[in-house]
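Engineer: So the sequence lines, in the order shown, correspond to chains R and Y. Heads up, the first sequence is in the working numbering, so the first residue is 7 and it goes up one at a time. Heads up, the second sequence is in the working numbering, so the first residue is -14 and it goes up one at a time. Backbone N, C-alpha and C define an ideal beta-carbon position, used for all residues, glycine too. Note that the coordinates shown come from a computational prediction; the quantities given were computed from them, not determined experimentally.
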Amino acid sequence: MLKDFFNKKRKYAKIPSERQQPVKMNDGVMTKCPECKSIVYTKELKKHDMVCISCGHHLPMTAYERINSLIEEGTFVEFNAEITSRDPLSFPEYEQKLEKDRQKTKLNEAVVTGEGYIEGCPVVIGVMDQRFRMGSMGSAVGEKITRAIEHALLKQRPFIMFSASGGARMQEGVLSLMQMAKTSAALKRLDEAGLLFVSVMTHPTTGGVSASFASLGDYNLAEPAALIGFAGRRIIEQTIRQELPEDFQTAEFLLKHGQLDKVVPRQEMKETLASILDIHGYKEK
Amino acid sequence: MHSYLPFEKPVIELREKINELKSFTEEKDIDLSGEITNLEDRLKQLEDDIYGNLTPWQRVQIARHGERPTTYDYINQLFTDFLELHGDRLYGDDEAIVGGIAKYKGQPVTVIGHQRGKDTKENIRRNFGMPHPEGYRKALRLMKQAEKFSRPVICFIDTKGAYPGKAAEERGQSEAIARNLLEMAGLRVPIISIVIGEGGSGGALALGVGNQIHMLENSTYSVISPEGAAALLWKDASYAKQAAQTMRITAPDLKELGIIDEMIKEVKGGAHKNLEKQASYMDDVLERSLHTLWQRTAEELITERYEKYKQIGEVTGESVVTGEREN
Chain R
7 MLKDFFNKKR
17 KYAKIPSERQ
27 QPVKMNDGVM
37 TKCPECKSIV
47 YTKELKKHDM
57 VCISCGHHLP
67 MTAYERINSL
77 IEEGTFVEFN
87 AEITSRDPLS
97 FPEYEQKLEK
107 DRQKTKLNEA
117 VVTGEGYIEG
127 CPVVIGVMDQ
137 RFRMGSMGSA
147 VGEKITRAIE
157 HALLKQRPFI
167 MFSASGGARM
177 QEGVLSLMQM
187 AKTSAALKRL
197 DEAGLLFVSV
207 MTHPTTGGVS
217 ASFASLGDYN
227 LAEPAALIGF
237 AGRRIIEQTI
247 RQELPEDFQT
257 AEFLLKHGQL
267 DKVVPRQEMK
277 ETLASILDIH
287 GYKEK
Chain Y
-14 MHSYLPFEKP
-4 VIELREKINE
6 LKSFTEEKDI
16 DLSGEITNLE
26 DRLKQLEDDI
36 YGNLTPWQRV
46 QIARHGERPT
56 TYDYINQLFT
66 DFLELHGDRL
76 YGDDEAIVGG
86 IAKYKGQPVT
96 VIGHQRGKDT
106 KENIRRNFGM
116 PHPEGYRKAL
126 RLMKQAEKFS
136 RPVICFIDTK
146 GAYPGKAAEE
156 RGQSEAIARN
166 LLEMAGLRVP
176 IISIVIGEGG
186 SGGALALGVG
196 NQIHMLENST
206 YSVISPEGAA
216 ALLWKDASYA
226 KQAAQTMRIT
236 APDLKELGII
246 DEMIKEVKGG
256 AHKNLEKQAS
266 YMDDVLERSL
276 HTLWQRTAEE
286 LITERYEKYK
296 QIGEVTGESV
306 VTGEREN
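#1: Rounded C-beta distance between isoleucine 235 of chain Y and arginine 44 of chain Y? I'm assuming under 8 Å.
#2: Mapping DSSP to helix, strand and coil, what is threonine 144 of chain Y?
#3: Would DSSP call glycine 308 of chain Y helix, strand or coil?
#4: I'd like to know whether the C-beta of aspartate 246 of chain Y is nearer than 8 Å to at least one C-beta of chain R.
#5: Tell me the residue span of the alpha helix (DSSP H) that contains valine 270 of chain Y.
#6: Kindly indicate which three-state DSSP category valine 46 of chain R falls into: helix, strand or coil?
#7: Opposite threonine 4 of chain R in the DSSP bridges: which residues?
#8: With a cut-off of 8 Å on the beta carbons, I'd call glycine 223 of chain R and glycine 173 of chain R a contact; round off their distance for me.
#9: Output, in sequence order along the chain, the residues in the segment 201 to 220 of chain R whose CB is closer than 8 Å to any CB in chain B.
#10: Quick one: Cα of proline 137 of chain Y to Cα of phenylalanine 165 of chain R, how far?
#11: At which residues does the alpha helix (DSSP H) containing tyrosine -11 of chain Y begin and terminate?
#12: If contact is defined by three or more beta carbon pairs under 8 Å, each pair taking one atom from either stretch, is the segment 293 to 304 of chain Y in contact with the segment 88 to 107 of chain R?
#13: DSSP beta-bridge partners for glycine 122 of chain R?
#14: Look at the alpha carbon of leucine 28 of chain Y and the alpha carbon of arginine 111 of chain Y, and state the distance between them as a whole number of angstroms.
#15: Verify the CB distance criterion: does threonine 152 of chain R have a CB-CB separation below 8 Å to chain Y?
#16: Quick check: isoleucine 124 of chain R and alanine 280 of chain R, are their CB atoms within less than 8 Å of each other?
#17: Taking Cβ-Cβ distances shorter than 7 Å, what residues in chain Y pair up with glutamate 149 of chain R?
#18: For serine 159 of chain Y and chain R, any beta-carbon pair shorter than 8 Å?
#19: Find the residues of chain Y that neighbour phenylalanine 82 of chain R, judging by a C-beta separation of less than 9 Å, and give them in chain order.
#20: Count the other C-beta atoms from every protein chain shown that fall within 10 angstroms of the C-beta of asparagine 314 of chain Y, then say buried if there are 16 or more, exposed otherwise.
#21: Cutting at 6 Å between CB atoms, please list the residues of its own chain near valine 306 of chain Y, excluding the five before and the five after it.
#22: Take leucine 242 of chain Y as the anchor and find which of R/Ser96, R/Glu50, R/Gly264, R/Lys268 has the nearest alpha-carbon.
#23: Per DSSP, what kind of secondary structure is histidine 157 of chain R in: helix, strand or coil?
#24: Glycine 72 of chain Y by DSSP, collapsed to three states: which one?
#25: Could you check whether cysteine 42 of chain R and histidine 63 of chain R sit closer than 8 Å to each other, using their CB atoms as the reference points?
#26: Could you pull out every residue in the same chain whose Cβ sits closer than 8 Å to the Cβ of leucine 31 of chain Y, ignoring the five residues on either side in sequence?
#27: Need the endpoints of the beta strand (DSSP E) that tyrosine 89 of chain Y sits in, please.
#28: Does any residue of chain R have a CB that is nearer than 8 Å to the CB of arginine 290 of chain Y?
#29: Buried or exposed for valine 118 of chain R, please, with buried defined as at least 16 other CB atoms from any protein chain shown within 10 angstroms of its CB.
#30: Counting only beta-carbon separations shorter than 8 Å, does serine 186 of chain Y have a partner in chain R?
#31: Please list the partners that arginine 233 of chain Y has in chain R, where partner means a Cβ-to-Cβ separation under 8 Å.
#32: Taking contact to mean at least 3 C-beta pairs separated by less than 8 Å, is the segment 188 to 208 of chain Y in contact with the segment 9 to 23 of chain Y?
#33: Within 8 Å (strictly less), CB to CB, does glycine 3 of chain R reach chain Y?
#34: Please go through the same chain and pick out, in chain order, the residues whose beta-carbon is closer than 6 Å to the beta-carbon of valine 130 of chain R, but skip the five residues on each side of it.
#35: In chain Y, which residues lie with their C-beta within 8 Å of the C-beta of threonine 90 of chain R?
#36: Given that lysine 151 of chain Y touches chain R, what residues does it touch there, using C-beta distances under 8 Å?
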């Protein structure tokens, strides 16, 4: 047929709809799982560390929920809770946005750092909270993580980092970019001192965060189905004009391509961390 | 023949007029020298006015100028005995990053840089200077080699960013960049990074963790392109001009923010107007930098590099329980 000579190519890239956020219903009493759409009691969901009871989908956890699920009760001491970013570029509406997120999350920044015990092993831990400016890294996030690493170095403790971030924070411009170098430089010191660093990538870990500390673990772990990557899916599709595989940039995809040590379901996270810590001789009790 | 940018139009028009008058005087044998001197004074003033007060967006345009000198151009001007080395020994050779060994005023050095193409064909081969992971891994291999043989590393930064592609993600673009940041922080030899065009995000920073960072006057260094920032923050890429201003991405901005060490003066109108002269400006800064850094021990170099990045960032609020700073 004549028309076979004219190869019809789509001139546009397909853009999948954004991953849906869990819908809180009835003032948060019930939550709808974005994956299987089943409606469950929020309380029940929290009891299961925000893992959907019917389909096993991992819903986002707040930083403190994560800490409570891992760190032995009463052992957590937070560092630098007051540190927050300033507005170095006088960026339009940035201060209002920071203030809004502070109100909403009761956090001062997108990362909580501190020290505590996991199954008898002392650790320094950082947990990002994606509710605060999408977990983006500005000066404050970079500074808090760097200080946490320095503390681990001082106390000769292992460092565990849970990432959940859209990348570098645009509103602080190049200062955010430089936090990538700052945190990585601190990790180099930790590395030289022979101390353990376990990086756990949770949904989502992208951009400047995945291209700095999150990829630098002695062990790089991830939660199931977490989105992990450097460039955004949409940008890639627009650049290469190709449809990307369904599982592109998921934790499983990275595992398949040799970029991760292990995908660890949330229910097994604590014991996995404990076992790594134990093998490295950090168990005290 | 150079191609001109829109804002240069008045300068070009006046220069053409002067040239016309000059040939007219010769042809008709009329003395218009007074007139010409007048116009030439005006031209000088006009040039100072336009080139001396460049807006951030105009600087972006100069930084992206098709004829702007690339890494190879500066290598040819500033170094001798350059031997290009290829490949990351893991996957392939990424031509978006070039590197090798050379001599700088008789001293052995390692030179690495992003490489754009001069025409479409070369640009396709070099992927418009946007590296894949193998490019960064080649760069790291050459840095480690420099460390082994105790020679300083000079990096030229000139990229829109690391390539956002499927293959790049599959081969670990994030890890490749992150690894460079970590390893550069601990390198036992001096690292000097010079931004010569666009310094786009993590893809630029992966050659940028230096003891000293310099920027050409009309180069940019940013977390995202002005177009990207506009699309993201104002949902409209046509706000790029405004974004260029707001994001503070030019060399004077970065000098003021305390991120770069020196801003390297550019030839009037941009580096592409006179490569030899531009290279000589760069030469002065490079020589001074190397001279300073050569006197440091490896430990001093590493500590200074750490402190340099440690102090970048603006935060408020100090907690009672802090991660004590050890230095």
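Structural biologist: For this structure:
#1: The residue asked about is misnamed: residue 235 of chain Y is threonine in this sequence, not isoleucine. About 5 Å separates the two Cβ atoms, so the contact holds.
#2: strand
#3: Note that glycine 308 of chain Y scores 42 on pLDDT, short of 50, meaning its location in the model is unreliable and no value can be drawn from it.
#4: no
#5: 260 to 279
#6: strand
#7: Residue 4 of chain R lies beyond the stretch modelled for chain R, which goes from 7 to 291, so this question has no answer here.
#8: That pair is no contact at about 18 Å.
#9: Of the protein chains in this structure, namely R and Y, none is chain B.
#10: 32 Å
#11: That residue, tyrosine -11 of chain Y, is in no alpha helix (DSSP H); it is neither H nor E in DSSP.
#12: yes
#13: Its beta-bridge partners are R/Val129.
#14: 39 Å
#15: yes
#16: yes
#17: Gly298, Val300
#18: yes
#19: Correct list: empty, because the minimum Cβ distance to chain Y is about 11 Å.
#20: Outside the displayed span of chain Y (-14 to 312) sits residue 314 of chain Y, for which this structure offers no information.
#21: Because the pLDDT at valine 306 of chain Y is just 44, under 50, the model does not fix this residue reliably, and the value given afterwards should be weighed accordingly. Counting only Cβ-Cβ distances below 6 Å, and skipping sequence neighbours, we find nothing.
#22: The option with the nearest alpha carbon to leucine 242 of chain Y is R/Ser96.
#23: helix
#24: In the structure shown, glycine 72 of chain Y sits in coil (DSSP, three-state: anything other than H, G, I, E or B).
#25: yes
#26: Pro(-5), Val(-4), Leu(-1)
#27: 82 to 89
#28: yes
#29: buried
#30: yes
#31: Leu95, Gly179, Val180
#32: no
#33: Any answer about residue 3 of chain R is impossible in this case: the structure gives chain R only from 7 up to 291.
#34: Glu121, Ala154, His157, Ala158, Arg163, Phe165
#35: Val300, Thr301, Gly302
#36: What lysine 151 of chain Y touches in chain R: Ile242, Ile246, Gln248, Leu250, Phe254.
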